[in-house]
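**Student:**
Numbering (this note's numbering), first residue to last: 969 to 1392.
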């Protein structure tokens, strides 16, 4: 009997557990470790932030659903990892030995890299967690009584830009519904070299389309932006030129600001020699395994993948839902192969597919593969994307409660976009 331990109970960890349970003999034990005792559907956080969703609509307690399918669950953050000894130590004192370890931890939010940033000790808000989104909603309720300038965007080193665009457009739509938009100057501040870069070097006509949307909604922008520090009600930004030289300095006043941080790997993993790169992201080979510790697999935001290109202000490459889904499936196939005495063969996909809500319409982008040159390089906008995002939320939550390992992107999203599956 093998023991597979999964660290992380989010969009990667929960599907990994269900797919492993479905594919493996019941004699093998599966244990999921989550830092919290609840699952949160992170893509809905921009809606939480403006009050379009409530916490109990996008979260649920994990243990009853996993245990119903014969999967053990422990709610405790990881304390240390003994990779050589194949043992994990949890903060609650639990010690787990494993035959295979699957890391789907997500990131550490590096607010500390910019002075004054972050929703806890700083002056900017976040939508990276449901707790952060609720805190932003509370701040928004106060803001509505006395509106003023808003700054939205992403800090230097950020890699997940889509939610910043979503929040900007959703906030714009909500303010218009409240007849308050005329009282709120909005500025989008991003480390991207241009609007619509998305950490991907642009996708299709994303630059032109998103610039047009910003203009039509009177949202100003600053790109190649290095936020240097944030004070109460004031953000200091250095705007660089294409060669990385200082072009101009900005001091932006704000009554409300949501800035996505750069990501790093979580500290217990970064402390393991040979497991991670200098920023704490897990090193993996083409089969999702760590080269030094082949019993360790990793998927999702916690893995190390290179930026698409060098930019004047550092930007990372996003790990989108489709990419995570294929990484997880590859891990399951490879663990099953190893248990059968075979060598791992399956590979994850570095394809990017995203549905982004914009308040009343939405934008969809497809980059196959993520790194140029691409077989598919496509970006589109429409009401149908807004509806698709809502349907995706409801179906994913249903899938996580039902214990299904059905591949959503392969079966539904690609089909809805009229795209056949492409080899990675």
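Even for Gly, the Cβ is constructed at its ideal location relative to N, Cα and C.
1) Report yes if the C-beta distance between residue 1017 and residue 1095 is below 7 Å; otherwise report no.
2) Measuring CB to CB, does residue 1058 end up less than 7 Å from residue 1065?
3) Please report how far the alpha carbon of residue 1121 lies from the alpha carbon of residue 1167, in whole angstroms.
4) Note the first and the last residue of the continuous alpha helix (DSSP H) segment covering residue 1184.
5) According to the Cβ coordinates, are residue 1030 and residue 977 closer than 7 Å?
6) Comparing C-alpha positions only, which one of 1340, 985, 1324 sits nearest to residue 1013?
7) Any chance you could list the beta strand (DSSP E) runs of at least 3 consecutive residues sitting entirely within the segment 1001 to 1045, in chain order?
8) Between the segment 1262 to 1282 and the segment 1066 to 1075, do at least 3 Cβ pairs fall closer than 8 Å?
9) What's the gap between the Cα of residue 1025 and the Cα of residue 1006?
10) Between residue 1123 and residue 996, what straight-line distance do the alpha-carbon atoms span, to the nearest angstrom?
11) Helix, strand or coil for residue 1051? Go by DSSP, reduced to three states.
12) Whether or not the segment 1188 to 1203 and the segment 1049 to 1058 are in contact is what I'm after, with contact meaning three or more pairs of Cβ atoms, one per stretch, closer than 8 Å; do they touch?
13) Buried or exposed for residue 1181, going by 16 or more other Cβ atoms inside 10 Å?
14) Please state whether the Cβ-Cβ distance between residue 1237 and residue 1243 is less than 7 Å.
15) Hey, how far is the Cα of residue 1223 from the Cα of residue 1201?
16) How many whole angstroms separate the CB atoms of residue 1255 and residue 1341, which I take to be in contact at a CB cut-off of 8 Å?
17) Would you report the Cα separation of residue 1163 and residue 1338, rounded to the nearest angstrom?
18) So is residue 1184 buried or exposed if we call it buried at 16+ other beta carbons inside 10 Å?
19) Where does residue 1227 sit, in a helix, a strand or coil, going by DSSP?
20) Does the Cβ of residue 1146 have 16 or more other Cβ atoms within 10 Å, making it buried, or fewer, making it exposed?
21) Curious, which full-length alpha helix (DSSP H) runs of at least 4 residues does the segment 1196 to 1269 contain?
22) With DSSP collapsed to three states, give me the class of residue 971.
23) Our contact map puts residue 1354 next to residue 1330 with C-beta atoms below 8 Å; I'd like the distance itself, whole angstroms only.
24) I need the straight-line Cα distance from residue 1203 to residue 981, nearest angstrom please.
25) At the level of alpha carbons, what is the spacing between residue 1004 and residue 1209?
26) From what residue to what residue does the alpha helix (DSSP H) around residue 1294 run?
27) Report the option in 1283, 1373, 1035 whose CA atom is closest to the CA atom of residue 1293.
28) Assuming residue 1230 contacts residue 1081 (C-beta within less than 8 Å), just tell me the rounded distance between them.
29) Mind checking whether residue 1092 and residue 1225 have CB atoms under 7 Å apart?
30) From 1159, 1349, 1186, 1196, pick the residue whose C-alpha is nearest to that of residue 1144; which is it?
31) Taking residue 1205 as the reference, which of 1308, 1085, 1310 has the closest Cα?
32) Looking at residue 989 and residue 1039, is the spacing between their C-beta atoms short of 7 Å?
33) Can you give me the C-alpha to C-alpha distance between residue 986 and residue 1218, rounded to a whole angstrom?
34) Taking Cβ positions, are residue 1286 and residue 1127 nearer each other than 7 Å?
35) According to DSSP, is residue 1401 part of a helix, a strand, or is it coil?
36) For the segment 1322 to 1365, which segments carrying the beta strand (DSSP E) assignment without a break, of at least 3 residues, lie completely within its bounds, in sequence order?
**Tutor:** Judging by the given coordinates:
1) By 1-based counting over the chain shown, the position of residue 1017 is 49. By 1-based counting over the chain shown, the position of residue 1095 is 127. It is a contact, given that the beta carbons lie within the stated cut-off.
2) In the chain shown, residue 1058 corresponds to position 90, counting from 1. In the chain shown, residue 1065 corresponds to position 97, counting from 1. Against a cut-off of 7 Å, the Cβ pair of residue 1065 and residue 1058 comes out as no contact.
3) As a working mapping, residue 1121 is identified with position 153 in the chain shown. As a working mapping, residue 1167 is identified with position 199 in the chain shown. Their Cα atoms are separated by approximately 13 Å.
4) The residue labelled residue 1184 in the question sits at position 216 within the chain shown. Taken as a continuous stretch (DSSP letters only), the alpha helix (DSSP H) holding residue 1184 covers 1174 to 1184.
5) Position 62 of the chain shown, counted from the start, is the residue given in the question as residue 1030. Position 9 of the chain shown, counted from the start, is the residue given in the question as residue 977. For residue 1030 and residue 977, yes; Cβs fall inside 7 Å.
6) Locating residue 1013 in the chain shown gives position 45, counting from the first residue. When each option's Cα is compared against that of residue 1013, the closest is 1324.
7) 1006 to 1008, 1027 to 1029, 1040 to 1043
8) yes
9) On the chain shown, residue 1025 is found 57 positions in, with the first residue counted as 1. On the chain shown, residue 1006 is found 38 positions in, with the first residue counted as 1. Rounded to whole angstroms, residue 1025 to residue 1006 spans 12 Å at the Cα level.
10) Looking up residue 1123 in the chain shown gives position 155. Looking up residue 996 in the chain shown gives position 28. Cα to Cα, residue 1123 sits roughly 43 Å from residue 996.
11) Residue numbering aside, residue 1051 sits at position 83 when the chain shown is read from its first letter. Residue 1051 falls in the coil class under three-state DSSP.
12) no
13) The residue labelled residue 1181 in the question sits at position 213 within the chain shown. Buried, because 16 or more other Cβ atoms sit within 10 Å of the Cβ of residue 1181.
14) For the purposes of this step, residue 1237 is taken as the residue at position 269 of the chain shown. For the purposes of this step, residue 1243 is taken as the residue at position 275 of the chain shown. A contact, by the Cβ cut-off of 7 Å.
15) The residue given as residue 1223 occupies position 255 in the chain shown. The residue given as residue 1201 occupies position 233 in the chain shown. Approximately 6 Å, taken between the alpha carbons.
16) Residue 1255 sits at position 287 when you count from the first residue of the chain shown. Residue 1341 sits at position 373 when you count from the first residue of the chain shown. Not confirmed; about 24 Å, so no contact.
17) As a working note, residue 1163 is residue 195 in the chain shown. As a working note, residue 1338 is residue 370 in the chain shown. Approximately 18 Å between the Cα atoms of the pair.
18) In the chain shown, residue 1184 corresponds to position 216, counting from 1. Residue 1184 is exposed by the Cβ-count criterion.
19) In the chain shown, residue 1227 corresponds to position 259, counting from 1. Note: residue 1227 maps to strand in three-state DSSP.
20) Walking along the chain shown from the start, residue 1146 turns up at place 178. The residue is exposed, with fewer than 16 neighbouring Cβ atoms inside 10 Å.
21) 1235 to 1238
22) Against the chain shown, residue 971 aligns to sequence position 3. Strand.
23) The count along the chain shown starts at 1 and reaches residue 1354 at position 386. The count along the chain shown starts at 1 and reaches residue 1330 at position 362. Yes, residue 1354 and residue 1330 are in contact; Cβ-Cβ is about 4 Å, under 8 Å.
24) In the chain shown, residue 1203 corresponds to position 235, counting from 1. In the chain shown, residue 981 corresponds to position 13, counting from 1. If I take the Cα positions, the gap works out to 36 Å.
25) Position 36 of the chain shown holds residue 1004. Position 241 of the chain shown holds residue 1209. Straight-line Cα distance between these residues: approximately 42 Å.
26) Taking the chain shown and counting its residues from 1, one reaches residue 1294 at position 326. Note, residue 1294: alpha helix (DSSP H), 1289 to 1307.
27) Taking the chain shown and counting its residues from 1, the one referred to as residue 1293 is at position 325. Measuring from the Cα of residue 1293, the nearest candidate turns out to be 1373.
28) Reading the chain shown from its first residue, position 262 is the one you call residue 1230. Reading the chain shown from its first residue, position 113 is the one you call residue 1081. Confirmed, about 6 Å.
29) Residue numbering aside, residue 1092 sits at position 124 when the chain shown is read from its first letter. Residue numbering aside, residue 1225 sits at position 257 when the chain shown is read from its first letter. Yes, the Cβ-Cβ distance between residue 1092 and residue 1225 is below 7 Å.
30) For the purposes of this step, residue 1144 is taken as the residue at position 176 of the chain shown. Ranking 1159, 1349, 1186, 1196 by Cα distance to residue 1144 puts 1186 first.
31) The count along the chain shown starts at 1 and reaches residue 1205 at position 237. The shortest Cα separation from residue 1205 among 1308, 1085, 1310 belongs to 1085.
32) In the chain shown, counting from the first residue as 1, residue 1039 sits at position 71. In the chain shown, counting from the first residue as 1, residue 989 sits at position 21. It is a contact, given that the beta carbons lie within the stated cut-off.
33) Your numbering for residue 986 matches position 18 in the chain shown. Your numbering for residue 1218 matches position 250 in the chain shown. Approximately 49 Å between the Cα atoms of the pair.
34) Within the chain shown, the letter at position 318 stands for residue 1286. Within the chain shown, the letter at position 159 stands for residue 1127. Contact: yes.
35) Limits of the chain in this structure are 969 at one end and 1392 at the other, which puts residue 1401 out of reach.
36) 1330 to 1336, 1344 to 1350
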